[in-house]
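What follows is a short report on a single structure.
Numbering (the working numbering), first residue to last: 496 to 695.
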């Protein structure tokens, strides 16, 4: 079994697996402490990163700035589906926090970019430091991503899944819409949900 696992790591780049995000060292509250070169995220609303751990995310992006790197956040467009109010508000709070960080940190050059995509996400992806990838997925049976099993891939292997997911992310990023393009419409939704734009 050990040889089989070693082969799996060698040929796919899979180096770790956890049964639940919430009990693992890859939970955003822990993983963000190790982000310092780059960070790309794709998922539903990024609330575990940008709401529950807003300060840690901002500090991570500050470190990325010092290293000359960039961060990209790709989340679901809150205007593209009939949401219940609670779910839409949750995504809007993420956008609000990300936009605040972006305004604060992008004064000299573009560090943090935020885009929205229009279809339900299948994967939850987090790339950090151009070295590691955390992969989870969305299923209807669980509304809480804390319960999601997660896989971790490294970027060392030429045929590894890391590079395939990078291509997937970049394709989605290219098709997505910058939050700045729809910012006026987003602000109307803030007002609808009584979310103050300029307060934390």
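The beta-carbon is built from N, C-alpha and C at its ideal position, and this holds for glycine as well.
Do you know offhand how far residue i's Cα is from residue j's?
{"i": "residue 538", "j": "residue 561", "result": "26 Å"}
{"i": "residue 636", "j": "residue 579", "result": "The pLDDT assigned to residue 636 is 44, lower than 50, so where the model puts this residue is not dependable; a value taken from the coordinates is nonetheless given after this. When rounded, the distance between both Cα atoms is 18 Å."}
{"i": "residue 601", "j": "residue 568", "result": "14 Å"}
{"i": "residue 541", "j": "residue 500", "result": "31 Å"}
{"i": "residue 676", "j": "residue 622", "result": "25 Å"}
{"i": "residue 631", "j": "residue 553", "result": "23 Å"}
{"i": "residue 605", "j": "residue 664", "result": "19 Å"}
{"i": "residue 643", "j": "residue 515", "result": "5 Å"}
{"i": "residue 534", "j": "residue 689", "result": "30 Å"}
{"i": "residue 629", "j": "residue 649", "result": "9 Å"}
{"i": "residue 669", "j": "residue 656", "result": "20 Å"}
{"i": "residue 550", "j": "residue 506", "result": "37 Å"}
{"i": "residue 671", "j": "residue 625", "result": "21 Å"}
{"i": "residue 691", "j": "residue 610", "result": "21 Å"}
{"i": "residue 646", "j": "residue 686", "result": "38 Å"}
{"i": "residue 613", "j": "residue 619", "result": "15 Å"}
{"i": "residue 640", "j": "residue 660", "result": "20 Å"}
{"i": "residue 603", "j": "residue 596", "result": "14 Å"}
Considering just the uninterrupted stretch of the beta strand (DSSP E) at residue i, what are its terminal residues?
{"i": "residue 670", "result": "Looking at the DSSP string, residue 670 is not in any beta strand (DSSP E); the run it does join, the alpha helix (DSSP H), is 656-670."}
{"i": "residue 649", "result": "645-649"}
{"i": "residue 628", "result": "627-632"}
{"i": "residue 681", "result": "Careful: residue 681 lies outside any beta strand (DSSP E), inside the alpha helix (DSSP H) at 678-687."}
In the DSSP output, which residue or residues are listed as bridge partners for residue i?
{"i": "residue 534", "result": "566 and 623"}
{"i": "residue 511", "result": "647"}
{"i": "residue 607", "result": "566"}
{"i": "residue 612", "result": "571"}
{"i": "residue 673", "result": "610"}
Whose C-beta lies closer than 8 Å to the C-beta of residue i among residues of the same chain, with five residues either side of it excluded?
{"i": "residue 503", "result": "509"}
{"i": "residue 527", "result": "544, 548, 551, 552, 554 and 555"}
{"i": "residue 475", "result": "Beyond the ends of the chain as shown, which are 496 and 695, falls residue 475; an answer cannot be given."}
{"i": "residue 616", "result": "537, 538, 539, 571 and 633"}
For residue i, which residues in the same chain have their Cβ closer than 6 Å to its Cβ, ignoring the five residues on either side in sequence?
{"i": "residue 583", "result": "573"}
{"i": "residue 566", "result": "534, 556, 559 and 607"}
{"i": "residue 511", "result": "647"}
Could you check where the alpha helix (DSSP H) with residue i kicks off and where it finishes?
{"i": "residue 519", "result": "Here residue 519 belongs to no alpha helix (DSSP H), and DSSP marks it neither H nor E."}
{"i": "residue 547", "result": "Note, residue 547: premise wrong, no alpha helix (DSSP H); not H, not E."}
{"i": "residue 593", "result": "580-600"}
{"i": "residue 523", "result": "523-526"}
Once you ignore the five residues that flank residue i on each side, which residues in its own chain have a CB closer than 7 Å to its CB?
{"i": "residue 654", "result": "506"}
{"i": "residue 522", "result": "516"}
{"i": "residue 546", "result": "588, 589 and 592"}
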